[in-house]
Amino acid sequence: MTAPSIVILTGAGISRESGLATFRDADGIWARIRIEDVATPEAFARDPAHVHAFYNARRAQLRDPAVQPNAAHLALAELERRWPGEVLLVTQNVDDLHGRAGSRKLLHMHGELMKARCARCEAVHPWTDDLSTGTPCPACGRAGGMRPHVVWFGEVPLGMDRIGAALDRCGLFLSIGTSGQVHPAAGFVAEVRGRARTVELNLEPSESRSRFDEAIHGPATEVVPRFVRDLLRGA
Ligand code: BV8
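Here the sequence shown stands for residues 613 to 847, where the numbers follow my numbering.
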């Protein structure tokens with residue numbers, strides 16, 4: 613029997629134990645900062661310096677040596693290496709922890725904090741430093757158009773064609789550390805339901821729990837390595 617294709621969707625919960633805040637938990641980012649002030653194209657047009665400050669602080673956090681991939685990120689990289697079938701890891705996270713853990717079949721559907729994009733010439737650049745309204749684009753040389761390479765509310769997520777094709781082939785769908793409140797990611801489980809086994813792995817039942825066949829609750833660093841170990845044993 614051929615091994616089923618796996619699509620894995622991850623959210624902020626998988627990086628929580630690496631020291632990065634989630635969004636919608638009581639101590640999450642959206643509990644202290646309004647989405648409308650930092651994560652929309654309108655916010656950037658209104659006050660680019662404020663939006664840059666928000667993302668510069670989060671990019672600086674990723675440079676902190678204490679922030680490292682955890683056992684859950686590492687387990688998913690191992691799954692990709694050892695699974696005899698196809699694996700696609702789709703992350704909503706803009707952090708770089710999956711890549712640092714070794715995942716290569718990886719799609720950042722909400723963009724990447726460690727990249728910047730020029731709104732004038734559309735060039736995308738690796739970016740580790742702060743951005744400001746005066747930062748010139750390394751490609752076209754013009755200032756004023758550089759922005760974090762992230763997908764804000766109201767913008768189209770990245771890689772939707774590739775994700776759609778992977779969901780069409782998928783026999784196992786895993787949703788890890790996400791509250792399932794942001795679309796289109798929140799709708800992926802409905803797209804595969806009935807033809808793929810669907811499993812939620814989250815600290816607690818998410819609002820989308822009822823849409824999954826199975827759910828495993830606990831910290832990602834515990835439940836994900838255990839689930840991957842069991843899956844690879846059966847492969
Ligand atoms: C779009 C920027 C059209 C980057 C972010 C349909 C219905 C309703 C609304 C819409 C709809 N379609 C579109 C919308 C509008 C909107 C939307 O969804 N609004 C919602 C909020 C109502 N969506 C959009 O605008 C999207 N664009 O739809 O375009 C389109 C689409 C397809 C094709 C063509 C056109 C664009 C969305 C982009 C959002 N960008 N931010 C940044 O600053 O980071 S959103 C933000 O939320 C983050 O990026 C994050 O990735 C995303 C998801 O959050 P989660 O990762 O789930 O985090 P959350 O805190 O919510 O949950 C954490 C979970 O972890 C919790 O359940 C917790 O229990 C758990 N947890 C905690 N600790 C642990 C843990 N689990 C395990 N272990 C632990 N230790």
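No residue lacks a Cβ here, since even glycine has one placed at the ideal position from N, Cα and C.
Whether residue i touches residue j by CB criterion (8 Å)
{"i": "T740", "j": "A661", "result": "no"}
{"i": "E629", "j": "N705", "result": "no"}
{"i": "M726", "j": "G771", "result": "no"}
{"i": "L813", "j": "V794", "result": "no"}
{"i": "F765", "j": "T634", "result": "no"}
{"i": "V811", "j": "E834", "result": "no"}
{"i": "H761", "j": "A728", "result": "yes"}
{"i": "V619", "j": "L700", "result": "yes"}
{"i": "A713", "j": "V840", "result": "no"}
{"i": "C733", "j": "A755", "result": "no"}
{"i": "D707", "j": "S627", "result": "yes"}
{"i": "R636", "j": "S787", "result": "no"}
Residue i versus residue j - alpha carbon distance
{"i": "R781", "j": "S617", "result": "6 Å"}
{"i": "A832", "j": "R845", "result": "19 Å"}
{"i": "I645", "j": "V663", "result": "11 Å"}
{"i": "I647", "j": "A778", "result": "30 Å"}
{"i": "D649", "j": "D842", "result": "43 Å"}
{"i": "M758", "j": "H737", "result": "10 Å"}
{"i": "R821", "j": "G789", "result": "12 Å"}
{"i": "E692", "j": "S715", "result": "7 Å"}
{"i": "E698", "j": "E819", "result": "28 Å"}
{"i": "E816", "j": "G830", "result": "7 Å"}
{"i": "L709", "j": "H685", "result": "7 Å"}
{"i": "A672", "j": "G806", "result": "43 Å"}
{"i": "G625", "j": "L632", "result": "9 Å"}
{"i": "G623", "j": "G753", "result": "35 Å"}
{"i": "D676", "j": "N668", "result": "13 Å"}
{"i": "A802", "j": "G783", "result": "13 Å"}
Those residues which DSSP pairs with residue i across a bridge
{"i": "L786", "result": "I620, V811"}
{"i": "G723", "result": "V762"}
{"i": "A728", "result": "H737, P760"}
{"i": "R805", "result": "A808"}
{"i": "I828", "result": "L813"}
{"i": "L718", "result": "L701"}
{"i": "P748", "result": "A755"}
Cβ-Cβ separation, residue j to residue i (assumed contact under 8 Å), whole Å
{"i": "I775", "j": "V702", "result": "6 Å"}
{"i": "A847", "j": "A615", "result": "6 Å"}
{"i": "L621", "j": "F800", "result": "6 Å"}
{"i": "G711", "j": "L718", "result": "6 Å"}
{"i": "F824", "j": "V804", "result": "No, F824 and V804 are not in contact; Cβ-Cβ is about 10 Å, not under 8 Å."}
> Can you list, in chain order, the stretches of the alpha helix (DSSP H) that have 4 or more residues and sit fully within the region 624-706?
Replying inline: 625-628, 647-650, 653-658, 660-675, 683-694
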